[in-house]
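Colleague:
2 protein chains.
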Amino acid sequence: MAADDLQVHQCDAAITLAFSILGKRWNGMIVAVLGSGPLSFVALRRAVTGISDAVLSDRLSELADAGLVTRSVDPGPPVAVAYALTASGEELQPVLQELGRWALENMAHIAHR
Amino acid sequence: MAADDLQVHQCDAAITLAFSILGKRWNGMIVAVLGSGPLSFVALRRAVTGISDAVLSDRLSELADAGLVTRSVDPGPPVAVAYALTASGEELQPVLQELGRWALENMAHIAHR
DNA sequence: TTAGTCGCTCTGTTTTTCTTAGCGGCTCTG
DNA sequence: CAGAGCCGCTAAGAAAAACAGAGCGACTAA
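Those sequence lines, one after another, are chains A and B. Under my numbering, the first residue of the first sequence is numbered 1, with each subsequent residue one higher. Under my numbering, the first residue of the second sequence is numbered 1, with each subsequent residue one higher.
#1: Considering just the uninterrupted stretch of the beta strand (DSSP E) at residue 84/B, what are its terminal residues?
#2: When DSSP builds the beta bridges, which residues end up paired with residue 72/B?
#3: Any chance the region 61-80 of chain A sits against the region 77-95 of chain B, with 3 or more Cβ pairs inside 8 Å?
#4: Under 7 Å Cβ to Cβ from residue 22/B, same chain only, skipping five residues before and after it: list those, please.
#5: With distances taken Cα to Cα, identify the nearest neighbour of residue 70/A among 39/A, 102/A, 12/A and 15/A.
#6: Considering residue 47/A, what are the terminal residues of the alpha helix (DSSP H) in which it resides?
#7: Go ahead and label residue 12/B buried or exposed: buried means 16 or more other beta carbons lie within 10 angstroms of its beta carbon, across all protein chains shown.
#8: I'd like to know if residue 6/A contacts chain B, where contact means its C-beta is closer than 8 Å to some C-beta of that chain.
#9: Does the beta-carbon distance from residue 42/B to residue 89/B come in below 8 Å?
#10: Counting Cβ pairs closer than 8 Å, one from the region 89-98 of chain B and one from the region 51-60 of chain B, do we hit at least three?
#11: How big is the Cα-Cα spacing for residue 106/B and residue 19/A?
#12: Taking the alpha carbon of residue 26/B as the point to measure from, which residue in 104/B, 94/B and 46/B has its own alpha carbon closest?
#13: Is residue 103/B buried or exposed, if buried means 16 or more other CB atoms sit within 10 Å of its CB?
#14: For the alpha helix (DSSP H) containing residue 12/A, list its first residue and its last residue.
#15: Comparing alpha-carbon positions, which option in 108/A, 109/A and 93/A lies nearest residue 37/A?
#16: To the nearest angstrom, how far is the alpha carbon of residue 35/A from that of residue 68/A?
#17: If you measure between the beta carbons of residue 33/B and residue 48/B, is that distance less than 8 Å?
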């Protein structure tokens, strides 16, 4: 009977979709650091403090599959691989920036483990 | 020598902070559904399709610790618990909405596993 | 030659997440 | 009153993800 039970609240499909990518550890940070320009594998590993090679490799594949980043190989001879954002990735940037602002204003005090 | 190596790219601390919460599975969705008003434990579980009791319980504690949601008990007699957003949680709403818009425009085509 | 960087992958361990089951308090039905 | 069901959890074990660390092929710089 409770009226609020008759109203079926369901999680927005768009949000669910967004968090199927961003809701995984590291993905948000990877996209955020790529926001300031293409980076090599090693540069990414350095930028995203704490991530391991294996996981970074995994995440980059996922992000590539999802169409957020591209992997381009320049066979120098010293073969160099560069990861960069796609248009989709770029469009995510302003949202990430606001997220950053929010965190500064609302989470700065949180003692992080 | 390489100029791009001298420039130390490091992941923005604010983004890292934000994703220490939002980068965990379910958290974003929980905050998003609470955006449309306080909900009971069971209502939340129904709204966030796929989450289990144990994990929802865990996540709610985390979100409460982080100051994003509150847990208020009304000892009816039929004891009723309501979870709601704090001011911090509310401020996250607009960002989540933009994230939803972004997902619609950029991820709708992704075949989701 | 030796040492070092880059871009990974493989192995095995630890952490996280998930599934399943159950419990006490309450209400609703017969 | 005796089930049966909903609410709000928690405990225990299994499955999945993340982790550290070693190693490897191709290359370069000393």
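Where a beta carbon is used, it is the ideal one built from N, C-alpha and C, also for glycine.
Modeller: Concretely, from the data shown:
#1: 80-85
#2: 82/B
#3: no
#4: 28
#5: 39/A
#6: 41-47
#7: buried
#8: Residue confidence for residue 6/A is low, a pLDDT of 45 falling below 50, so the modelled location carries little weight; the figure read from the coordinates is stated next. Taking Cβ atoms only, chain B never reaches closer than 8 Å to residue 6/A, which makes this a no.
#9: no
#10: no
#11: 13 Å
#12: 46/B
#13: buried
#14: Taken as a continuous stretch (DSSP letters only), residue 12/A belongs to no alpha helix (DSSP H), as it is neither H nor E.
#15: 93/A
#16: 11 Å
#17: yes
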